[in-house]
Each structure stands twice: as C-alpha cells, then as structure tokens.
Amino acid sequence: MARCKSILAHNTPWALITLATVLGAMASAAMSGCGAVAADEAQVMSASWPQWGGSSRRNNHPVGVTLPESWKPGRFDRRTGQWDRETSENVRWVAQLGSQTYGNPVISGGKVFVGTNNGGGYLERFPAELDLGCLLCFDLASGDFLWQHSSEKLASGRVHDWPLQGICSTPLVEENRLWFVTSRGEVRCLDTEGFRDGRDDGLADPPEIAADPREADVIWVYDMMSELGVSPRNMSASSVTVFNDLLFVNTGNGTGESGTELPAPEAPSFLCLDKRTGELVWADNSPGENVLHGQWSSPAAAVLGGVPQVIFAGGDGYLYGFRADRGEAGKPELLWKFDCNPKASKWTLAGDGDRNYLIGTPVIYDNRVYVAVGQDPELGEGEGCLWCVDPTRRGDVSPELAVRVVDGVPTPIPHRSPRAIDPDAGEAAIPNPNSAAIWHYRSADLDGDGSIAFEETMHRTLGSVAIADDLLYVIDLAGILHCLDARGENGQAKPHYTYDLLAQSWGSPLIADGRVFVPDEDGDITIFRLGAEHSEPIDEINMGGSLYTTPSAAGNTLFISTRDKLFAIGK
Numbered sequence: 299m300a301r302c303k304s305i306l307a308h309n310t311p312w313a314l315i316t317l318a319t320v321l322g323a324m325a326s327a328a329m330s331g332c333g334a335v336a337a338d339e340a341q342v343m344s345a346s347w348p349q350w351g352g353s354s355r356r357n358n359h360p361v362g363v364t365l366p367e368s369w370k371p372g373r374f375d376r377r378t379g380q381w382d383r384e385t386s387e388n389v390r391w392v393a394q395l396g397s398q399t400y401g402n403p404v405i406s407g408g409k410v411f412v413g414t415n416n417g418g419g420y421l422e423r424f425p426a427e428l429d430l431g432c433l434l435c436f437d438l439a440s441g442d443f444l445w446q447h448s449s450e451k452l453a454s455g456r457v458h459d460w461p462l463q464g465i466c467s468t469p470l471v472e473e474n475r476l477w478f479v480t481s482r483g484e485v486r487c488l489d490t491e492g493f494r495d496g497r498d499d500g501l502a503d504p505p506e507i508a509a510d511p512r513e514a515d516v517i518w519v520y521d522m523m524s525e526l527g528v529s530p531r532n533m534s535a536s537s538v539t540v541f542n543d544l545l546f547v548n549t550g551n552g553t554g555e556s557g558t559e560l561p562a563p564e565a566p567s568f569l570c571l572d573k574r575t576g577e578l579v580w581a582d583n584s585p586g587e588n589v590l591h592g593q594w595s596s597p598a599a600a601v602l603g604g605v606p607q608v609i610f611a612g613g614d615g616y617l618y619g620f621r622a623d624r625g626e627a628g629k630p631e632l633l634w635k636f637d638c639n640p641k642a643s644k645w646t647l648a649g650d651g652d653r654n655y656l657i658g659t660p661v662i663y664d665n666r667v668y669v670a671v672g673q674d675p676e677l678g679e680g681e682g683c684l685w686c687v688d689p690t691r692r693g694d695v696s697p698e699l700a701v702r703v704v705d706g707v708p709t710p711i712p713h714r715s716p717r718a719i720d721p722d723a724g725e726a727a728i729p730n731p732n733s734a735a736i737w738h739y740r741s742a743d744l745d746g747d748g749s750i751a752f753e754e755t756m757h758r759t760l761g762s763v764a765i766a767d768d769l770l771y772v773i774d775l776a777g778i779l780h781c782l783d784a785r786g787e788n789g790q791a792k793p794h795y796t797y798d799l800l801a802q803s804w805g806s807p808l809i810a811d812g813r814v815f816v817p818d819e820d821g822d823i824t825i826f827r828l829g830a831e832h833s834e835p836i837d838e839i840n841m842g843g844s845l846y847t848t849p850s851a852a853g854n855t856l857f858i859s860t861r862d863k864l865f866a867i868g869k
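Quick note: the sequence shown uses this note's numbering, first residue 299, plus one each step.
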C-alpha cells in the first residue's frame, strides 16, 4: 500500500515555512553567481519549452532533447544555503526560489521563468519575510536572476489567496511576451525583457520601479475578480494557452470559505481574451451553480476533426469542447460536453464521495483527449478514473444520460450537484448512444489473482498524462504510476503496468530522451525506460526537497523545481 512519507504543504506549520522563507533569502545570496555555463550554449539557447506541456496540446513530451543518464544535485550548507558545486554531477546551475513552489519552469528566448513565493528575497523593497506571489526570470545559460514580478496578497485572505503559496500558474511565452495568472485572480501580460531593455513597454510604472531592471515590465492586466465578479477558491492556478491571437484561461471561480456555498454562481468559469490587448472576447459559465469546490485546471487547444477547439475542464466534473474562435456577441460555440463521473456518483466535502471534478489538464494526442479526475489533495486519494474521449462528436457526449422516468418514458433532466440523479424521485442513468467515451480506466487485475490491489487502482490525480509512441503514463495522488496503451483495445483500457512510488505525487510525468521522469512529494525523481516492458525504474534521484511540480526539458537540459530551488541539469 502506498504511503505518504511527507507533510502536505497546506498542513505544514506556518512557523516552519516562515523560517524556510528567511533561510531562502540567505540562500539566494549564497548561490548567486554559482551557475555553470553550458557545454554547448548555442544548443541550449536555441531550445524552448514555452508553456505548460510545451504546446497547447499539453503533452509533456519534448522531442529532440538529449539529457544526461544521471546526475547528483550536490550538497547545500544548512545554515547559509551555499551550494557545494564539487559534490554535484551534471548540474549546470542552481537558483534559489521561494520557500514554496508549485509553478513549472518554462524556457524561451534564453530565459527560464517559474512561479513561486517571495522566500528568495530578490528585491530589496520586498524582503523575504513579506508574503507575495512571485514570477521569477533567470538567465538560461548561467542561472543568474534577471527580474521578478511581485503580486501582493489579497486582503480577503486565504479564501481567495492562500498564504505563502506564491504563483501556482505556469506562464506562457511567445517571442518577447509572457502571460500568466497571478495569485490575485489577474491575467497579466509582461515584456520578457523586463526593464533591462531600457523601455517601459506597457502600463505606466512608478519611476522607482521602471528604473529598476530587476522589476517586471507589465504590458496589460485583466482582473477577473473586479471585471467579472469571479471568486476563486483558495488560489488562482490556471496556466493559460493560446490559439492564434486568442488567450484561454480557467477563471478559478469556486466555493467560499465554508467550502459549500458558491459566492458567485453567475461568474464565468472559462475565458477568452485577445492576447495582444487583454480585451475580453468571450466568457462562459457552463459549470454555473454546479461547481463542486474549486476550479484549478488549465485549457488545451488544437484543430480536431478539422475544427479548432479549446478544451476546458470544469469544476463540475465535466469536460467541455468549444470552437476556438471569437464566438458571437461575447458567447462561444459549445461543441460538446462530457461528464467524467457516473450519474449516480455523489460529491461530499469530506472527500469520501465518489463524484470528482477535474484538476489535471486535458491532453490532446492523435485526435483524442485524455483527462483524469481529481480533488483537492487535502480531501484524500479517493477513487479516480482516466478517460479517453473522442472530441469530434457533438452535443452531450457523456457516457450516461440523467433522465426522469414517467410511465416508462425517460425524459432528460438538467445536470445538478451534488448528485445528478435521485432514484427515489424516479430518476435514473441510462447509456448515452451519443457517448464520446473511447475507453476509461479505474483499475485492473494485472497479476491475475482475482482481486484488485491498492497498486492496481486508479486514484484521484492532480496531474496530467504524458504520451509517446502510444504509451500513456499518469501518476495518481497516491503515488502510483500507471502505464497504459493510449489507444486502448476493443473499447477497453489496456494497462501495461503500475509502480508504487511510496510517496504522494502532485505532478505529471515527463517523457524525454527515451525515458520517463516521475516526480513525487518525497523529492525523488524516479526514472524509467520508455516502453511497456520497462516496469522497473533504472534510477531514483533525490533532489533534496519536496516536488510539487513537473520537470521540463529543452535542448540538452532538464529543469526541475523543488520546493525552494531550481536545478538546470545537463552535461
């Protein structure tokens, strides 16, 4: 049975996090200038991984990368945080982050960007003890700090902006523009050069900020809370994506402090902005009052079946496919919707129910959409399910339909939470002849002993799948890595193996250079050869700090952000 050996970040005593924040500031000073120049700088500088999942398809599988077979992170002085380079192997540089990091590193234009909190204390006007959401920019070749975007905490507190969690959004970069979601529920566009180019490219900044090359240069801001009345649950965490000139984002609208009431049921869940100006193109409220808890997923986009589509994962447990265009009169065209839960399932705030919502990002591969259900990790590992969906069907393409049966005649009924049907009221679930489900996976008796073991069960997940050569990998919250055939077989899931990491995992696998890199909360990167037959790891490397993120790779460098450090790994 998988065991969680680490303390969840939300349950960590705040005194310890505060201490880590102060020590982080000391370490950032100690590690400055310690970066090693890449052996082949031109190759590194020309490579990119510019958004969560690399592209709008969101599949964590960079091609053409060459990574070291192994590495050693090296030792750090416990008092000063100083990195002992001589004890490391195949590590180009290490940069200090905040005391807590959930953002995944992205690489573009010779820079590395990552969201964290202010524990690094890079700016004098914002000492490390001050709680902020921070987006940091580092030089790709050396790891030197370049600039920081700082978001002050919301006055409403943890109901909207949980303490010390920093920026949980992973940014998107195109040329010299960057977009991300702040901890304040804002979509922001930045100049990737900051003020280092000597220009203020956007909003008029105070002179003391515009004169400091270590500050971020803001182009535009769209405040989803003030403009649309959005009320995010605990944290705004969506990672934006683009399709042509359109920027897509989950708003994060969710429940209030009690976790049961929805303060803004009329506020939209899904948003489309003009990426150049930040102007609202359209907003959609499909989940409406059926949002179960929070909405922390991120959209995906691609041309599917000849139609440009943007895929949103809702806090009601539905997957939604919209036409990825400007819509009409501020409204998008809904192409299809898919309920990822059985109609008889029920949501409970205690976490012991069997209706889930979606936190992991939908992944598009070979004209199919893959997503797994999950919940807030504080609500437990629970029952999960992984879906493979055909996005070319139209309408309600859920596996089941909720109906009310009167005199033997079934009539469809609207969806509602916490349960879609009430059997005592003559309601039932019937198979949907228009279902887009290709296959789904909940468990498998892989050892053929006639029973389902813990390791043979798909639990809730926070992460997304990664796929290469028709092999799908996904990690559930319980720390079980599942390897399946992405295509399935005869309409059924076709699992190959599972592996127990013996620690919870909040992240997603990365497939790169013929290997699968799997992060967990104990700080281990477990590495497998790509292949259905490679069910045992070839290496397990501890990074010295908890991992709540997913590794990234570009060129000949692997990037791993631990709780408080960013590693650039390469020969």
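By construction, the Cβ of each residue, glycine as well, lies at the ideal position given by its N, Cα and C atoms.
Quick caveat, the model's predicted, so the values are computed rather than measured.
In whole angstroms, what is the alpha-carbon distance linking arginine 666 and aspartate 382?
46 Å
Distance check for leucine 684 and proline 880, CA to CA, integer angstroms please.
This structure leaves residue 880 out entirely; the chain is present only between 299 and 869.
Measuring CA to CA, which of Arg497, Ile662, Gly464 is closest to leucine 428?
Gly464
Rounded to a whole number of angstroms, what is the C-alpha to C-alpha distance between histidine 832 and phenylalanine 826?
7 Å
Glutamate 513 vs phenylalanine 493 beta-carbon contact at 7 Å:
yes
Distance, aspartate 720 Cα to histidine 591 Cα
21 Å
Looking only at DSSP bridge pairs, what is isoleucine 867 linked to?
Val389, Leu856
Run through DSSP, which three-state label would asparagine 551 get?
strand
May I ask which residues mark the beginning and end of the beta strand (DSSP E) holding leucine 633?
632-637
Helix, strand or coil: which one does DSSP assign to glycine 839?
Sequence check: residue 839 is isoleucine here, not glycine. Three-state result, isoleucine 839: strand.
Taking contact to mean 3 or more Cβ pairs, one atom from each stretch, closer than 8 Å, check whether the region 621-630 and the region 676-692 are in contact.
no
So leucine 526 is in the alpha helix (DSSP H); what residue range does that whole segment cover?
522-526
Counted within 10 angstroms of its Cβ, other Cβ atoms place asparagine 732 as buried (16 or more) or exposed:
exposed
For the beta strand (DSSP E) that contains asparagine 532, what are its first and last residues?
Run containing asparagine 532: none; DSSP gives neither H nor E here.
How many angstroms separate the CA atom of alanine 782 from the CA atom of proline 597?
Looking at the sequence shown, residue 782 is not alanine but leucine. The alpha-carbon atoms of leucine 782 and proline 597 are separated by roughly 23 Å.
To test your reading of the DSSP string, which unbroken beta strand (DSSP E) runs of 3 or more residues are found completely within the region 565-618?
568-572, 578-582, 598-602, 605-611
Suppose you measure from the CA of asparagine 854 to the CA of leucine 501; what does that come to, to the nearest Å?
37 Å
Using CA atoms only, rank isn't needed, just tell me which of Ile728, Leu462, Asp437, Ala439 is closest to serine 449.
Leu462
Since valine 404 and glutamine 446 are thought to touch, with beta carbons under 8 Å apart, how far apart are those beta carbons, to the nearest angstrom?
Contact doesn't hold; Cβ gap of about 16 Å is too wide.
Using DSSP with H/G/I as helix, E/B as strand and the rest coil, what is aspartate 783?
strand
Suppose the cutoff is 6 Å on Cβ atoms and the five residues either side in sequence are ignored; what does the same chain contact list for arginine 482 look like?
Ser449, Leu452
Looking at the structure shown, is leucine 560 part of a helix, part of a strand, or coil, going by DSSP?
coil
C-beta neighbour in chain D for phenylalanine 620, strict 7 Å:
Considering every chain present, this structure includes no chain D. It has just one protein chain.
Any idea what DSSP makes of asparagine 416, helix, strand or coil?
helix
Compare the C-alpha of aspartate 705 against each of Glu753, Met533, Gly724 and name the closest.
Gly724
Quick check: the Cα distance between alanine 735 and valine 608, rounded to an integer number of angstroms?
18 Å
Using a Cβ-Cβ cutoff of less than 6 Å, which residues in the same chain neighbour tyrosine 797 once the five nearest sequence positions on both sides are dropped?
Leu779
Do you know whose CA, among Thr847, Ala851, Gly821, Ala565, lies nearest glycine 658's CA?
Thr847
Report yes if the CB atom of glycine 396 is closer than 7 Å to the CB atom of threonine 378, and no otherwise.
no
DSSP three-state call for leucine 470: helix, strand or coil?
strand
Any idea what DSSP makes of arginine 373, helix, strand or coil?
strand
Quick check on the burial criterion: 16 or more other C-beta atoms within 10 angstroms. Buried or exposed for valine 707?
exposed
According to DSSP, is phenylalanine 493 helix, strand or coil?
coil
Cut-off 7 Å between Cβ atoms - residues of its own chain near alanine 508, not counting five sequence neighbours on either side
Phe493, Asp498
Tell me the rounded alpha-carbon separation between tyrosine 739 and proline 793.
8 Å
So, for aspartate 837: in the same chain, excluding its five sequence neighbours on each side, which residues have a beta-carbon less than 7 Å away from its beta-carbon?
Ser368, Ile825
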